[in-house]
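Using numbering that gives the first Met the number 0, the letters of the sequence shown correspond one by one to residues 0 to 320.
What follows is one structure encoded as structure tokens, with my remarks underneath.
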Amino acid sequence: MTEGRAADPPRGPADATVVPRFAGIGTFARLPLIEQVPNWDIALVGIPFDGGTTYRPGARFGPSAVRQGSRLLRPYHPELGTLPFERGQVVDAGDISCSPFDAGAAVAQIEEAANGLLAGGGRLVAVGGDHTIALPLLRATSRQHGPLALVHFDAHLDTWDTYFGERFTHGTPFRRAWEEGLLLRERSVHVGLRGPLYGSGDLADDAAMGFLQISTNDVARDGTDAVIRRLVERVGDAPLYVSVDIDVLDPAHAPGTGTPEAGGLTSRELLELLRGLDGLSIVGGDVVEVAPAYDHAEITAIAAAHVLFDLVTLMSRTLED
Numbered sequence: 000m001t002e003g004r005a006a007d008p009p010r011g012p013a014d015a016t017v018v019p020r021f022a023g024i025g026t027f028a029r030l031p032l033i034e035q036v037p038n039w040d041i042a043l044v045g046i047p048f049d050g051g052t053t054y055r056p057g058a059r060f061g062p063s064a065v066r067q068g069s070r071l072l073r074p075y076h077p078e079l080g081t082l083p084f085e086r087g088q089v090v091d092a093g094d095i096s097c098s099p100f101d102a103g104a105a106v107a108q109i110e111e112a113a114n115g116l117l118a119g120g121g122r123l124v125a126v127g128g129d130h131t132i133a134l135p136l137l138r139a140t141s142r143q144h145g146p147l148a149l150v151h152f153d154a155h156l157d158t159w160d161t162y163f164g165e166r167f168t169h170g171t172p173f174r175r176a177w178e179e180g181l182l183l184r185e186r187s188v189h190v191g192l193r194g195p196l197y198g199s200g201d202l203a204d205d206a207a208m209g210f211l212q213i214s215t216n217d218v219a220r221d222g223t224d225a226v227i228r229r230l231v232e233r234v235g236d237a238p239l240y241v242s243v244d245i246d247v248l249d250p251a252h253a254p255g256t257g258t259p260e261a262g263g264l265t266s267r268e269l270l271e272l273l274r275g276l277d278g279l280s281i282v283g284g285d286v287v288e289v290a291p292a293y294d295h296a297e298i299t300a301i302a303a304a305h306v307l308f309d310l311v312t313l314m315s316r317t318l319e320d
């Protein structure tokens, strides 16, 4: 694990002119494993848990699919004008193992493992798994940085109370996080909301917790630039956690997910919105709900890999020089 910035020159991805992109161990973006470097700044970690799903299961296979979908990623980010893997040491930390049968136990196991990874001062970007994993990650991240602002890209609110009496599901992580004081009131926002609800009370309850709600229709009507301005104003200088449920994308752009809803963002819109967060203090994040059994030609896995690459790039730009 790291102690602040990595002291040695960063070790980057495998050289594609020496080892073809389809060869070698399939780490994220072909980066080194955490065991292969003495210290690190940003770690990608897989969390293959989908015991909190309420419709189509299979997100437990998301981390391996996204790693496979990341093989074609190249090291330079032209839109942000930076080489993120040269700004700091980025590693693949492998997967966090947890119970596939007991969501409460899994949440505790994920939190303990995330605490261990973050103890040295680095930052985590996780790939799920279902959205249940956001709660233990928020717990661990807030332990390091205090209460957090949240930018949550999703078709769904994920602030419901329980499902079938269960408190830990992929539809409840941000209700639990709000109850536990992990989130800064009036600094958190959902982006990409759409689809039918159980009733108008769902929206009212969510608003009462201090969340701003931005629908897919808002993005389409107002444009990404206007939405970015709202996000930047909302977050301000607070430590920021970014959580991306891949179902924020329209099923045409992300068919491989557990709870698809028509009328979503395009992958271009999502990436534009993410890049608009450049300069904010992003201290953690996740990309969840990739279920490869429902995917076609790696469409969803590739989209998720690009979202992760953008999150890592944004984090790298706030590392101290």
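Beta carbons are placed, not taken as given, at the ideal position from N, Cα and C, and that holds for glycine.
It should be emphasised that the depicted structure is a prediction, and the values quoted were computed from it without experimental measurement.
Distance, residue j Cα to residue i Cα
i	j	result
Leu405	Val311	Because the chain in this structure spans residues 0 to 320, residue 405 falls outside the shown range and cannot be described.
Gly262	Gly255	15 Å
Leu156	Val17	45 Å
Gly170	Ser214	17 Å
Val124	Ala251	25 Å
Phe167	Ile109	13 Å
Leu307	Ala154	18 Å
Arg229	Leu270	16 Å
Gly121	Arg55	34 Å
Leu43	Thr26	10 Å
Glu165	Pro146	25 Å
Gly180	Thr53	26 Å
Arg86	Gly50	36 Å
Asp160	Arg175	8 Å
Ser199	Asp224	29 Å
Arg316	Phe84	10 Å
Leu318	Arg138	22 Å
Arg204	Leu82	Arg is not the amino acid found at residue 204; the sequence shown has Asp there. Going by the C-alpha atoms only, they are around 42 Å apart.
Asn114	Phe60	23 Å
Met314	Leu182	19 Å
Val234	Ala148	6 Å
Glu260	Arg142	34 Å
Asp217	Leu272	13 Å
Pro291	Asp249	16 Å
Residue i and residue j closer than 8 Å at C-beta
i	j	result
Pro37	Asp7	yes
Val388	Asp40	Within the shown structure, residues of the chain are numbered from 0 to 320, placing residue 388 beyond reach of any answer.
Ile245	Ala304	no
Asp236	Ser280	yes
Arg73	Phe21	no
Gly257	Ala58	yes
Asp101	Ile33	no
Ile132	Ile227	no
Gly209	Arg184	yes
Ala321	Gly127	It is not possible to answer for residue 321, since the shown part of the chain is limited to 0 through 320.
Residue i - DSSP class collapsed to helix/strand/coil
i	result
Gly120	coil
Gln88	coil
Phe308	helix
Glu178	helix
Leu239	strand
His144	helix
Tyr54	coil
Asp320	Low confidence applies here, because Asp320 scores a pLDDT of 47, under 50, leaving its location unreliable and the question unanswered by this model.
Pro48	One point to set straight first is that residue 48 is Phe, not Pro, in the sequence displayed. Coil.
Val18	coil
Beta-carbon contacts of residue i that lie in its chain and below 6 Å, excluding the five residues immediately before and after
i	result
Cys97	Phe48, Ala105, Gln108 and Ile109
Beta-carbon contacts of residue i that lie in its chain and below 7 Å, excluding the five residues immediately before and after
i	result
Gly23	Ala13 and Arg29
Same chain, Cβ closer than 8 Å to residue i, five either side skipped, listed in chain order
i	result
Asp320	With a pLDDT of 47 at Asp320, under the threshold of 50, the modelled position of this residue cannot be trusted; read the value that follows with caution. Within the same chain, Asp320 has no close Cβ partners at all.
Arg274	Glu78, Leu79, Asp309 and Leu313
Discussion item. For the pair the region 240-251 and the region 284-292, tell me if three or more CB-CB distances fall below 8 Å.
Written reply: yes
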